[in-house]
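Trainee: Quick note, the sequences are listed as chains D and V, same order. Start counting the first sequence at 1; every next residue gets the next number (the numbering used here). Start counting the second sequence at 328; every next residue gets the next number (the numbering used here). Before we start, here is the structure in question, set down as structure tokens.
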Amino acid sequence: MTTHARAERETLGEFFLRAPAIGPALALVVAVVVFSLSTSTFLELDNLSLVVEQSLVVGTLALGQTLIILTAGIDLSNAAAMVLATLLMAKLLTGGVPGIFALVLGVLVTALLGLVTGSLVTRIKLPPFIVTLGLFTILTAVGKLVASGQAVPIAPDSLLAWLGTRRYLFGGIPVTYGMTLALVMYLVLWYSLTRTAWGKHVYAVGNAPEAARLSGIKVNRTVVSVYLVAGLIFGIAAWQALGRVPNADPNAYQLGNLDSITAVVLGGTSLFGGRGSVFGTMMGALIVTVLRSGLTQLGVDSLYQDVATGALVIAAVAVDRLARRQK
Amino acid sequence: MRHRSLLCLVTAGLLAVSGCTVERHWGGSSAPAGSGQAKVGLVTKTETNPYFVELRNAASAAAQAQGAGFMALAGQFDGDNDGQVRAIENMVQQGVTTIMITPNSSTGVLAAIERARQAGVLVIALDTATEPESAVDATYATDNVAAGRQQGAYVKAALGGAAPKVIMIDGTAGSTVDTYRHNGFLEGIGLADGDPAIVGRDNANGDQSIAQQKMENLLQRTTDLNAVYTMNEPTARGAYAALQARGLQLVMGSIDGGCQGVQNVRDGQYDATVMQFPRKMAEQGVTAAVQYAKTGQKPSGFIDTGSVVITDRPMPGVPSQDTAWGLRNCWGTT
């Protein structure tokens with residue numbers, strides 16, 4: 001991501017440090033190749049399309065999570081906020097509110113929650129872990145209250161479920177609107193992070209907040225903006241979730257927050273802030289889904305799949321630490 | 328720029344390999360019905376609940392006995408609709424002929440089920456019905472209203488004419504199965520929701536430790552009661568722990584019929600449990616799947632696999648079996 005002057009020769013560690021998305025990309029390629037060779041069903045276009053579709057919700061959550069982790073923060077409440085938004089949207093829709101208003105209101109709620117989190121983190125200097133842990137508990141309960149414990153099904157042809165609509169490109173490549181939206185979001189965020197002043201501020205704040213402050217960056221404002229944007233993204237994740245399963249369920253995505261952190265970490269973004277990329281996160285989200293899909297097709301018990309995913313996360317962080325030490 | 332070119336190479340490679348598959352057709356290689364070989368996929372709510380483990384083992388054994396292919400997947404937790412949808416998709420992708428599913432939410436996975444059925448897959452709901460029931464081809468399950476009614480009738484008889492003062496430990500708010508059992512129990516004991524004879528009520532999500540805690544809290548409010556409804560056996564065990572700590576002896580019933588639950592009844596922790604028959608659901612489902620693969624003939628409607636009261640204190644007017652029978656048949660096929 002950064003534009004270091006190129007050294008004559010760089011160590012492997014420096015290489016990974018400079019381009020953190022390379023490692024995950026390689027891991028993804030290896031996984032895809034292995035599963036393609038070992039199963040007859042993995043490398044079918046519709047299966048690859050499924051894998052992408054299955055990674056969308058967590059991938060979108062992970063996008064917002066990436067921004068927050070880049071500032072050395074963390075969000076444990078993102079999936080709970082998303083579930084709450086799906087419930088609000090579905091409730092409004094079934095209550096007769098037009099889909100577009102339900103959608104906008106849902107996204108506004110998660111954005112507002114982001115604003116609140118960001119303010120608590122910057123104004124009262126609360127650790128993001130604690131703020132979002134508290135919010136996680138609150139939002140989970142509020143979701144159940146809003147829904148009175150019931151799942152709220154919505155019509156699969158409503159605007160709220162629209163992202164799940166499938167189209168066939170070039171006659172045969174199955175693509176949903178949700179995939180297209182995710183791609184657009186990745187591109188916009190990639191541009192914002194790498195080509196705008198705001199993006200440079202986000203990295204600077206995560207790397208060394210004090211230095212950032214001394215060089216004139218408004219640290220607090222940057223951090224709040226990150227939580228706000230992440231909140232917006234979590235609202236969009238809610239839309240993705242309804243496109244995938246047109247049924248808002250207060251018990252859904254209980255592990256969504258951890259899954260999003262997993263994707264971010266596997267994508268090579270440092271939990272200590274200041275280093276990482278949205279494309280890494282995209283790879284990270286895909287790696288998890290590819291592993292699950294491929295191992296399932298190989299007939300591996302899903303509990304072993306959890307073991308494999310967990311081991312990968314630890315390995316990814318180990319690579320991060322070792323790379324830093326080499327530097 | 329060495330590394331950028333590496334990335335390009337990798338990308339190009341990826342595109343090339345994925346390009347090779349363009350000619351394959353959407354929907355995987357699902358064998359058309361009537362072609363003979365059954366491939367059965369089972370999707371349960373979770374991996375770890377012993378009830379679903381039993382269901383899975385029974386289905387696996389039945390599939391093996393009948394020469395059908397078998398695979399099992401599950402959600403990660405109660406309410407994991409997304410995980411179940413993923414499981415359905417992966418199964419269709421791998422060309423199963425039949426999917427048997429215990430849906431996490433009666434409405435959560437309908438879209439995926441519909442897509443599977445459109446791809447020619449027979450879909451059978453096991454244990455838990457979908458809403459509407461017609462979203463699947465057939466349902467093999469316990470009639471949970473009837474099971475609740477049996478528990479209610481037993482408790483009423485065991486009270487021997489005393490006016491009921493009952494605490495209800497329910498399951499998960501909004502779950503269909505839990506609601507059916509709850510309503511059935513009230514029907515059986517002859518009370519309406521909101522009746523003052525229900526002296527306390529809480530949800531324990533089917534979890535033993537939560538049930539114990541909720542019961543302790545309810546007993547803090549009143550100990551003037553003579554009966555307890557529990558929606559499953561872990562709940563009953565939790566409630567029993569709380570009652571025992573208070574030295575309370577009263578009539579308690581439950582539903583499930585796992586071997587541990589029957590043993591609890593034998594040990595006197597609670598008076599009766601209503602046994603259901605997951606192995607029967609699994610076996611009948613697999614048989615239907617094999618039949619479908621052979622002849623293309625689909626089962627339809629709701630097929631009740633039955634339920635039986637298990638108790639060592641039988642009551643007149645309430646048909647029951649003793650715990651010796653229960654231990655021989657726990658979650659069995661009879």
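Glycine included, every Cβ here is placed at the ideal spot set by N, Cα and C.
Does DSSP put V152/D in a helix, a strand or coil?
Mentor: In the structure shown, V152/D sits in a strand (DSSP, three-state: E or B).
Trainee: Give me the chain D residues within the contact set of E374/V, using Cβ-Cβ distance strictly less than 7 Å, ordered along the chain.
Mentor: S302, L303
Trainee: Starting from A90/D, follow the alpha helix (DSSP H) in both directions and report where the run begins and ends.
Mentor: Residues 78–94.
Trainee: Report back the beta-carbon spacing between G106/D and G235/D to the nearest angstrom; my notes put them in contact at under 8 Å.
Mentor: 6 Å
Trainee: Leaving out five residues on either side along the sequence, give the residues of the same chain with a beta carbon under 7 Å from the beta carbon of L163/D.
Mentor: T176, Y177, G178, L181, W239, Q240, G243
Trainee: Cα separation between T71/D and L183/D?
Mentor: 23 Å
Trainee: Tell me which residues share the same chain as G396/V and place their Cβ nearer than 6 Å to its Cβ, disregarding the 5 neighbours each side in the sequence.
Mentor: K366
Trainee: What is the C-beta distance between T429/V and V448/V, in whole angstroms, given that I count them as a contact (C-beta under 8 Å)?
Mentor: Rounded, the Cβ-Cβ distance is 16 Å, inconsistent with contact.
Trainee: Compare the C-beta of D320/D against all C-beta atoms of chain V and say whether one is closer than 9 Å.
Mentor: no
Trainee: Just the chain D side, please: which residues come within less than 9 Å of V448/V by C-beta, in chain order?
Mentor: Simply none; closest approach about 15 Å.
Trainee: Please list, in chain order, the residues of the segment 422–441 of chain V that have any C-beta partner in chain D closer than 9 Å.
Mentor: Residues of the segment 422–441 of chain V with a C-beta less than 9 Å from any C-beta of chain D: G422, N431, S432, S433, T434, G435, V436, L437, A438, A439, E441, listed in chain order.
Trainee: Quick check: D249/D and T86/D, are their CB atoms within less than 9 Å of each other?
Mentor: yes
Trainee: Mind checking whether A673/V and A390/V have CB atoms under 9 Å apart?
Mentor: Residue 673/V lies beyond the range of chain V shown here (328 to 661); nothing can be said about it.
Trainee: Between M283/D, V313/D, A315/D, R325/D, which has its C-alpha nearest A21/D's C-alpha?
Mentor: M283/D
Trainee: Mind listing which residues of the segment 241–267 of chain D have their C-beta closer than 8 Å to chain V's C-betas, in chain order?
Mentor: A241, R244, V245, P246, N247, D249, P250, N251, A252, Y253, Q254, L255
Trainee: Report all residues from its chain with a CB closer than 7 Å to the CB of L333/V; omit the five preceding and five following residues, and keep chain order.
Mentor: Summary for L333/V: the model assigns pLDDT 45, below 50, so the residue's position carries little reliability; its value from the coordinates is reported in the next sentence. Correct list: empty, nothing qualifies.
Trainee: Measuring CA to CA, which of A599/V, Y467/V, G527/V, A609/V is closest to Y481/V?
Mentor: A599/V
Trainee: Give the list of continuous alpha helix (DSSP H) stretches no shorter than 4 residues that lie fully inside the segment 583–634 of chain V.
Mentor: 586–593, 605–622
Trainee: Examine the Cβ distances between the segment 542–562 of chain V and the segment 436–450 of chain V and report whether three or more of them are shorter than 8 Å.
Mentor: no
Trainee: Going along chain V in order, which residues have a C-beta closer than 7 Å to the C-beta of L126/D?
Mentor: Within chain V, no residue comes near L126/D; the closest Cβ sits about 29 Å away, beyond 7 Å.
Trainee: Can you pull the chain D neighbours of F404/V, defined as C-beta to C-beta under 9 Å?
Mentor: Those are N251, Q254, L255, listed as they occur along chain D.
Trainee: Which residues does DSSP pair with S647/V in a beta bridge?
Mentor: V636/V
Trainee: List, in chain order, every chain B residue whose beta-carbon is nearer than 8 Å to that of S148/D.
Mentor: Among the protein chains of the structure shown, namely D and V, there is no chain B.
Trainee: Taking the C-alpha atoms as reference points, what is the distance between N530/V and T110/D?
Mentor: 28 Å
Trainee: Look up V367/V in the DSSP assignment and give the residues it is bridged to.
Mentor: F397/V, T425/V
Trainee: What residues from the segment 112–123 of chain D come within 9 Å of chain V, judged by C-beta to C-beta, listed N to C?
Mentor: none
Trainee: Ends of the beta strand (DSSP E) at G527/V?
Mentor: 525–530
Trainee: For D157/D, is the beta carbon positioned less than 8 Å from some heavy atom of the ligand HEM?
Mentor: With respect to the ligand HEM, the structure shown offers nothing to examine, as it has no ligands at all.
Trainee: Could you tell me which chain D residues have their CB closer than 8 Å to the CB of E381/V, listed as they occur along the chain?
Mentor: Chain D residues near E381/V: none, gap ~17 Å exceeds 8 Å.
Trainee: Using C-beta distances below 6 Å, list every residue in its chain close to V412/V, excluding the 5 sequence neighbours before and after it, in chain order.
Mentor: V436, A439
Trainee: Taking the alpha carbon of C657/V as the point to measure from, which residue in V592/V, D520/V, I451/V has its own alpha carbon closest?
Mentor: V592/V
Trainee: Alpha carbon to alpha carbon, how far is L266/D from A62/D?
Mentor: 11 Å
Trainee: Could you list which residues in chain D have their beta carbon closer than 8 Å to that of A719/V, in chain order?
Mentor: Outside the modelled stretch of chain V, which goes from 328 to 661, sits residue 719/V, for which no answer is possible.
Trainee: Going along the segment 503–537 of chain V in order, which residues come within less than 7 Å of chain D, judged by CB to CB distance?
Mentor: none
Trainee: Taking a contact to mean a Cβ-Cβ separation below 9 Å, would you say A468/V touches A554/V in this structure?
Mentor: no
Trainee: Could you check if V463/V is buried or exposed, using at least 16 other CB atoms within 10 Å of its CB as the buried criterion?
Mentor: buried
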